[in-house]
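The structure appears below as structure tokens.
Dropping the structure here:
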């Protein structure tokens, strides 16, 4: 389904683009030195440059192995249908969690995600699923909002509860 060559090429391109985005963003903050030392964008610039260059190296090595026929069999299947189903079973609920976090708030999304994961993927009953989800959300609220005073995404539900 997905060959190792395709996976390595796509990953190298994606991480290379990521590195270049970091480099571009760092340029907005300055990458040189001033009287107080390095400017704010210096470290992100060089870190992004390192990521982009490493990605370019990975891409070059992958295609050199492909063209020379030496080393790892790049045509072998990296991800078959069953493995893709398992990856999707993890990835799709995580995407749903992110979308719910933005729309409903972090605590409501945490409750919904944990109930879904425990009921559907873990095959737990309603009581342990709801108890775990509610206790986890309460713990995160108390630890992050009250103790560390770090506000998380709030949706329409939290104000109704006075949070």
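In the numbering used here, the protein residues as written are 13 to 175. All C-beta atoms, glycine included, are put in the ideal place defined by N, C-alpha and C.
Inter-residue Cα distance where the pair is residue i and residue j
| i | j | result |
| --- | --- | --- |
| residue 66 | residue 60 | 10 angstroms |
| residue 36 | residue 42 | 10 angstroms |
| residue 106 | residue 47 | 45 angstroms |
| residue 128 | residue 157 | 24 angstroms |
| residue 94 | residue 22 | 21 angstroms |
| residue 138 | residue 96 | 28 angstroms |
| residue 69 | residue 103 | 28 angstroms |
| residue 99 | residue 49 | 45 angstroms |
| residue 152 | residue 76 | 48 angstroms |
| residue 150 | residue 136 | 20 angstroms |
| residue 29 | residue 173 | 42 angstroms |
| residue 133 | residue 143 | 16 angstroms |
| residue 160 | residue 111 | 25 angstroms |
| residue 101 | residue 19 | 19 angstroms |
Neighbourhood of residue i by C-beta distance below 6 angstroms, restricted to the same chain and skipping five residues each side
| i | result |
| --- | --- |
| residue 88 | 16 |
| residue 44 | 51 |
| residue 14 | 90 and 91 |
| residue 34 | 56 and 60 |
| residue 131 | 141 |
Cβ neighbours of residue i in the same chain (closer than 8 angstroms, five flanking residues each side left out)
| i | result |
| --- | --- |
| residue 25 | 67 and 71 |
| residue 170 | 117, 119 and 120 |
| residue 53 | 37, 38, 39, 40, 41, 42 and 43 |
| residue 82 | none |
Residue i burial status per 10 Å Cβ neighbour count (16 or more: buried)
| i | result |
| --- | --- |
| residue 175 | exposed |
| residue 64 | buried |
| residue 80 | exposed |
Proximity below 8 angstroms, CB of residue i to CB of residue j
| i | j | result |
| --- | --- | --- |
| residue 113 | residue 165 | yes |
| residue 148 | residue 126 | yes |
| residue 57 | residue 32 | no |
| residue 145 | residue 122 | yes |
| residue 167 | residue 115 | yes |
Contacts around residue i, its chain only, beta-carbon distance under 7 angstroms, and the 5 residues preceding and following it disregarded
| i | result |
| --- | --- |
| residue 109 | 121 and 125 |
| residue 27 | 63 and 67 |
Complete alpha helix (DSSP H) runs within the region 23-104 (minimum length 4 residues, chain order): 54-80
Every unbroken alpha helix (DSSP H) within the region 107-149, with a cutoff of 4 residues, ordered by chain: 118-128
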